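Using the working numbering, read the sequence shown as starting at 86 and increasing by one per residue.
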Amino acid sequence: MFERLRQLLTAGGARYRVIEHPAEGNSRKVADVRGTEAGQGAKAMLCKVADQTGQFVLAVLPGDERVDFAKVAAAIGARKVKLADAAEVEAATGCVIGSIPPFSFSPVIRLVVDPQLLARYSEIAFNAGRLDASIVLNGDDYRRLAQPLLADIRKESA
């Protein structure tokens with residue numbers, strides 16, 4: 086996955102840099118290691134679409150926010166979505182939880198990104214298919230290359 090991402094970004098003329106670091110899956114801790122803010126981290130959560138067997142949605146939002154599953158379902162016109170388990174994540178993406186990049190390379194995984202991720206920061210950061218490597222990527226280049234569906238999928242603050 087890491088090499089696939091680098092090839093995509095390089096071929097697409099993206100402005101990015103790679104940061105190698107100790108393996109870390111916690112978004113706040115890895116932000117410290119990267120020298121970025123927690124909200125700059127593109128938290129990618131794989132969800133199963135309940136009423137469409139074998140279909141998934143990759144919900145991507147700022148690392149300091151929580152996902153609202155009802156909003157994710159509404160964004161793709163589904164009745165319900167729920168978080169995929171570790172085995173499903175690995176089978177669908179080839180990545181372990183915490184290392185999923187905010188890109189879909191599969192026709193069964195729809196990509197939905199909360200626009201606040203791109204509005205708040207000019208660059209986003211994410212684990213690049215490995216827990217020990219991150220990519221910091223220009224937000225405009227991300228939007229151009231990933232072509233996500235943009236929708237508010239954040240849980241409202243209490």
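Just so it is clear, CB atoms sit at the ideal spot from N, CA and C, and this is done for glycine as well.
Just so we're clear, the structure is a prediction, and the values are computed from it rather than from any experiment.
Q. Helix, strand or coil: which one does DSSP assign to Arg195?
A. Counting from 1 along the sequence shown, the entry for residue 195 is found at position 110. Strand at Arg195.
Q | Counterpart residues of Lys133 in DSSP-defined beta bridges | A | Translated into the one-based positions of the sequence shown, residue 133 becomes position 48. BP columns for Lys133 point to Phe141 and Lys167.
Q: Please list, in chain order, all residues of the same chain as Ala160 whose beta carbon is under 7 Å from its beta carbon, the five residues on each side excluded.
A: As a working mapping, residue 160 is identified with position 75 in the sequence shown. Correct list, in chain order: Val197, Leu234, Ala236 and Ile238.
Q) Should Pro187 and Ala129 be called a contact, given that it needs their Cβ atoms to be closer than 8 Å? A) Within the sequence shown, numbered from 1, the residue matching residue 187 stands at position 102. Within the sequence shown, numbered from 1, the residue matching residue 129 stands at position 44. Closer than 8 Å, so yes.
Q) Is Gly124 helix, strand or coil when you go by DSSP? A) The residue you call residue 124 lines up with position 39 of the sequence shown. Looking at Gly124 - three-state DSSP - the assignment turns out to be helix.
Q: Mark Phe211 as exposed unless 16 or more other C-beta atoms lie within 10 angstroms of its C-beta, in which case mark it buried.
A: Taking the sequence shown and counting its residues from 1, one reaches residue 211 at position 126. Counting Cβ neighbours within 10 Å, Phe211 comes out buried, since at least 16 surround it.
Q: Measure from the alpha carbon of Leu203 to the alpha carbon of each residue in Val174, Gly224, Arg195 and Ala176, then state which is nearest.
A: Within the sequence shown, residue 203 is the residue found at index 118, counting from 1. That would be Gly224, whose Cα lies nearest to the Cα of Leu203.
Q: Quick one: residues in its chain with C-beta nearer than 6 Å to the C-beta of Thr121, no 5 flanking neighbours on either side, listed in chain order?
A: Taking the sequence shown and counting its residues from 1, one reaches residue 121 at position 36. Within the same chain, Thr121 has close Cβ partners Ala210.
**Q.** Buried or exposed by the 16-neighbour rule on C-beta atoms within 10 Å, applied to Ala155
**A.** Numbered from 1 along the sequence shown, position 70 holds the residue referred to as residue 155. Exposed, by the Cβ-count rule.
Q. Just how far apart, CA to CA, sit Val115 and Gly139?
A. Along the sequence shown, one-based indexing puts residue 115 at 30. Along the sequence shown, one-based indexing puts residue 139 at 54. Cα-Cα distance, rounded: 31 Å.
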